[in-house]
Amino acid sequence: ECYKILGEQAIISQIGMMHARGESGLRLFIQKLGPNNIPLFLKSIGYKYVQEGTLMNILSLSAQFASQVDLDIDIREEILDKIGIECYFTDPQKAIHFFNQFQDLFNCQNEFSSNLVHSYFLNQHHVSNDFKIWFSHFKVTYLPNFPPKLKAYLGFKKQ
257 ECYKILGEQA
267 IISQIGMMHA
277 RGESGLRLFI
287 QKLGPNNIPL
297 FLKSIGYKYV
307 QEGTLMNILS
317 LSAQFASQVD
327 LDIDIREEIL
337 DKIGIECYFT
347 DPQKAIHFFN
357 QFQDLFNCQN
367 EFSSNLVHSY
377 FLNQHHVSND
387 FKIWFSHFKV
397 TYLPNFPPKL
407 KAYLGFKKQ
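Numbering-wise (the working numbering), the sequence shown opens with residue 257 and increments by one.
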């Protein structure tokens, strides 16, 4: 049913089972849906919290700064409460603005993480002569009645 509701640009790029986490059901990674279409999609598949203020703030912030916004959902008989919003950035300055706004909006200032993110974006840390740390994206995990969580996904890029 989920697949029928997707727009022409959106794709389900990964379908998996999260056995390592002790979870049953399927994880769907939906790309190119876009932050403005995510609420419509979630509503159409029966997600109960689509109009909740925190989720709408996350999607609004994502639309403002990210160049691509993707969706992670877990399904069994119905969509589970916890969802992921993955935000990709072509402009590092927009990623920093997203990070700062997220901290302000959700009152989660953390000096260590703030210094780490700003240091990474400003210095592009080199691990060796061959590799440097590469920022992939931020993932926001939303679960109703809990503060959202923000994770940075990093990798290594050959120089």
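Yeah, the Cβ is synthetic: ideal placement off N, Cα and C, and Gly gets one too.
Check: Host beta strand (DSSP E) of I329 (start-end); Outcome: Q324 to I331
Check: Cross-strand partners of L463 (DSSP beta bridge); Outcome: The displayed coordinates of the chain run from 257 to 415. Any statement about residue 463 would go beyond what the structure contains.
Check: DSSP three-state assignment for I476, whether helix, strand or coil; Outcome: With the chain represented from 257 up to 415, any question about residue 476 goes unanswered, as that position is not in the structure.
Check: Anticipated Cβ contact below 8 Å, L284 with I329, distance rounded; Outcome: 5 Å
Check: Nearest-angstrom Cβ-Cβ length linking I301 and I335, presumed shorter than 8 Å; Outcome: 6 Å
Check: Proximal residues to K338 (C-beta, below 8 Å), its chain only, five neighbours per side dropped; Outcome: D330, T397, Y398 and L399
Check: Backbone CA spacing between A276 and E308 [nearest angstrom]; Outcome: 30 Å
Check: For E342, the residue or residues it bridges with in DSSP; Outcome: D326 and K395
Check: Buried/exposed call for D360, threshold 16 Cβ in 10 Å; Outcome: exposed
Check: Minimum C-alpha distance to P417 - residue among I271, C364, A322 and F355; Outcome: The question about residue 417 has no answer here: the residues shown for the chain are numbered 257 through 415.
Check: Spatially closest choice to I392 from K304, N356 and D347, by CA coordinates; Outcome: Looking at the sequence itself, residue 392 is Ser, so the reference to Ile does not match. For S392, the nearest C-alpha among the options comes from D347.
Check: Buried or exposed (CB count within 10 angstroms, at least 16 for buried), D386; Outcome: exposed
Check: Cα-Cα separation between P358 and K350, rounded to whole angstroms; Outcome: Strictly speaking, residue 358 in this sequence is Phe, with Pro absent from that position. One C-alpha to the other measures close to 12 Å.
Check: I286 vs I268 beta-carbon contact at 8 Å; Outcome: yes
Check: Spatial neighbours of Q270 in its chain, beta-carbon cut-off 6 Å, leaving aside the 5 residues before and after; Outcome: F285
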